[in-house]
Structures are given as structure tokens and as C-alpha cells.
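Going by numbering that gives the first Met the number 0, the letters in the sequence shown line up with residues 0 to 121, in that order.
Every residue, glycine too, gets a C-beta built ideally from N, C-alpha and C.
Notes to accompany the following structure.
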Amino acid sequence: MARKSKTQESPDSKNLGSKLRQVWAELGTDNWFAWLVELLPASRFTRRGEHIVGVCPFHQDGSPSLIISPMKGLAKCFGCQKTYSCPIKFVRAVRALDGSGHSFSDTLVFLRKRFGLKSSIP
Numbered sequence: 000m001a002r003k004s005k006t007q008e009s010p011d012s013k014n015l016g017s018k019l020r021q022v023w024a025e026l027g028t029d030n031w032f033a034w035l036v037e038l039l040p041a042s043r044f045t046r047r048g049e050h051i052v053g054v055c056p057f058h059q060d061g062s063p064s065l066i067i068s069p070m071k072g073l074a075k076c077f078g079c080q081k082t083y084s085c086p087i088k089f090v091r092a093v094r095a096l097d098g099s100g101h102s103f104s105d106t107l108v109f110l111r112k113r114f115g116l117k118s119s120i121p
């Protein structure tokens, strides 16, 4: 009896994943850093090479536990374990900290206006 293969990604989902990884790199570490410092000054973000490190805004934290690695396409907190590989979901979560709701498409429009994002994401 043949085994069923594990879930396979469709070509469309692979293409979308590739485009999302491009967003991390297209914005670059400098843009990510400037935006985070402006929006979340209490998080005391600093640059460590290609990474951005700061106090996680998603939970009560006193030490830098959030690392954003645009070149690796990842934002992860080692305290609360929140992990974002989708840059749009990460930006949406950060922007939602002020209590206002933001849709995925609103966040994409924000990225395009704020940073001149050119990636074509449906």
C-alpha cells in the first residue's frame, strides 16, 4: 500500500512564500530598525549586525528577547515564543498594539506607502 505524501505546497503558495520573504529583504534592516525605534521607543531596539534586538512589546518583558532578522525573514521572541515569518503579519501585530485593528490589506497598503514597497503580493 502506497503511503500518502505529507501536505504538499501548491505552486501558488510557494510563490507567495517567496514573495513574502522578498518583503523582509526589500525593506532592509535600516528601514525595519527606523520604523521600530519610532513606533516602539520603550522597546529599546538596537542593531546587532543584520539583526534588530529589543524588548518584546507583546508581553511584559524587561530584557531584550525579541529579535528581528530581515535577511532571514523572521521575527521571534524568545520570551513569549511569538514567531513571525510573514512580514505583513508582523507589521500588523505591531501596529495593532495601539488598540486599533488593521487588516492584512491595510497593512500592505501601509508598507507600500511608508516604504515604497514594490513586491507584488495579491
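Just to check my reading of the structure: HIS58 and CYS79 have Cβ atoms closer than 8 Å, yes? What is that Cβ distance to the nearest angstrom? Contact between HIS58 and CYS79 holds, since their C-beta atoms are separated by about 4 Å, short of 8 Å.
Residue range of the beta strand (DSSP E) that SER64 falls in? 63 to 68
Is the stretch 18 to 26 in contact with the stretch 36 to 46, if contact means three or more CB pairs nearer than 8 Å? no
Please list the terminal residues of the continuous alpha helix (DSSP H) segment that includes LYS71. Element bounds for LYS71: n/a, residue is neither H nor E.
ARG46 - containing beta strand (DSSP E), residue span: 45 to 47
N-terminal and C-terminal residue of the alpha helix (DSSP H) that ALA92 is part of: Its alpha helix (DSSP H) spans residues 86 to 94.
Boundaries (first-last residue) of the beta strand (DSSP E) holding GLY53: 50 to 54
Just the C-alpha distance for ARG43 and SER17, rounded to the nearest angstrom, thanks. 31 Å
Considering LEU110, what are the terminal residues of the alpha helix (DSSP H) in which it resides? 103 to 114
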